[in-house]
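Participant: There's a structure below that I have some questions on.
In the numbering used here, the protein residues as written are 7 to 199.
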């Protein structure tokens, strides 16, 4: 068992977040338990509560890291793409479907926007704004783009959720990408008329 003097607080926080991500990737939302995370870190449960105060606080830090990682993956290539909206949608669908445990954790009911720290909400808004910005050129004005992005985000996430839960075949579909692109293009065509 490691001792707190082996790492400074920042290193310990990073260990907790990194090991949380590792456990969630492997075993899903149910793996987010103080005892399991502490064991992976080589520390006691008390260390986690000392660093974060509560598991809910750690949950926001882990979700914030996921948002940062998703944002980086999408943002890195977005400017180079001709059809930015289709790229963003395809990349988002890929991230959600290839990493279902992360997306389930991110959208878990335990994360409440009313209780979320400001820094977390800024990360969430930054991630969402990137999506809204890709819609802006199709819609024409920023307010309409924001509204369209909200609706599309919900629809896209619903399709991805059905995919992750294995329900798309009931609709005669096996991959979410085509459904999502069709939905987005049809919706935005309707807005541009």
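Positions of the beta carbon are idealized from the N, C-alpha and C atoms, including for glycine. Here the structure is a predicted model, which is why all the values come from computation and not from measurement.
With a 10 Å radius around its C-beta and 16 neighbouring C-beta atoms as the bar for buried, classify residue 149 as buried or exposed.
Facilitator: Position 143 of the chain shown, counting from 1, holds the residue named residue 149. Exposed.
Participant: Between residue 152 and the rest of its own chain, which residues show a CB-CB distance below 6 angstroms, the 5 nearest in sequence each way excluded?
Facilitator: Stepping through the chain shown from its first residue, residue 152 is reached at position 146. If we look at residue 152 and ignore the five residues flanking it on each side, its Cβ neighbours are 138.
Participant: Quick one: what's got a C-beta closer than 7 angstroms to residue 64's C-beta in the same chain, skipping five residues either side?
Facilitator: Translated into the one-based positions of the chain shown, residue 64 becomes position 58. So the list reads 22, 26, 54 and 58, once near-sequence residues are dropped.
Participant: If you reduce the DSSP assignment to three classes, tell me which class residue 22 lands in.
Facilitator: Walking along the chain shown from the start, residue 22 turns up at place 16. Three-state DSSP puts residue 22 in a helix.
Participant: Residue 196 to residue 37, Cα distance in whole Å?
Facilitator: Position 190 of the chain shown, counted from the start, is the residue given in the question as residue 196. Position 31 of the chain shown, counted from the start, is the residue given in the question as residue 37. Roughly 43 angstroms between the two C-alpha positions.
Participant: Count the other CB atoms, across all protein chains shown, that sit within 10 Å of the CB of residue 192; report buried if there are 16 or more and exposed otherwise.
Facilitator: Position 186 of the chain shown, counted from the start, is the residue given in the question as residue 192. Exposed.
Participant: If you run the structure through DSSP and keep just helix, strand and coil, what is residue 254?
Facilitator: Beyond the ends of the chain as shown, which are 7 and 199, falls residue 254; an answer cannot be given.
Participant: Under 8 angstroms between the Cβ atoms of residue 93 and residue 83?
Facilitator: Translated into the one-based positions of the chain shown, residue 93 becomes position 87. Translated into the one-based positions of the chain shown, residue 83 becomes position 77. Taking 8 angstroms as the Cβ cut-off, residue 93 and residue 83 qualify as a contacting pair.
Participant: So, helix, strand or coil for residue 201, using DSSP?
Facilitator: Because the chain is modelled from 7 through 199, residue 201 falls outside the range shown and cannot be assessed.
Participant: Pull up the distance between the alpha-carbon of residue 159 and that of residue 30, whole angstroms please.
Facilitator: Here residue 159 refers to the residue found at position 153 of the chain shown. Here residue 30 refers to the residue found at position 24 of the chain shown. Rounded to the nearest angstrom, the two C-alpha atoms are 23 angstroms apart.
Participant: If you compare alpha carbons, which of 15, 71 and 199 is closest to residue 128?
Facilitator: Walking along the chain shown from the start, residue 128 turns up at place 122. Comparing Cα-Cα distances from residue 128 to each of 15, 71 and 199, the minimum goes to 71.
Participant: Which same chain residues, not among the five before or five after residue 203, have their C-beta less than 8 angstroms away from its C-beta?
Facilitator: The first residue shown for the chain is 7 and the last is 199, placing residue 203 beyond what the model contains.
Participant: To the nearest angstrom, how far is it from the Cα of residue 123 to the Cα of residue 68?
Facilitator: One-based indexing of the chain shown puts residue 123 at position 117. One-based indexing of the chain shown puts residue 68 at position 62. Roughly 13 angstroms separates the two Cα atoms.
Participant: Check whether the Cβ atoms of residue 66 and residue 133 sit closer than 8 angstroms, and answer yes or no.
Facilitator: Taking the first residue of the chain shown as position 1, residue 66 is located at position 60. Taking the first residue of the chain shown as position 1, residue 133 is located at position 127. For residue 66 and residue 133, no; Cβs fall outside 8 angstroms.
Participant: For a test of the three-state rule: what should DSSP assign to residue 187, helix, strand or coil?
Facilitator: Reading the chain shown from its first residue, position 181 is the one you call residue 187. Three-state result, residue 187: helix.
Participant: Return the chain-ordered ranges of every alpha helix (DSSP H) run that is complete within the stretch 52-111 and spans a minimum of 4 residues.
Facilitator: If we require 4 residues or more, the alpha helix (DSSP H) runs fully inside the stretch 52-111 come out as 61-84 and 90-104.
Participant: In chain order, what residues of the same chain have a beta carbon less than 7 angstroms from the beta carbon of residue 61, not counting five sequence neighbours either side?
Facilitator: Sequence index remark: in the chain shown, residue 61 carries index 55 (1-based). So the list reads 40, once near-sequence residues are dropped.
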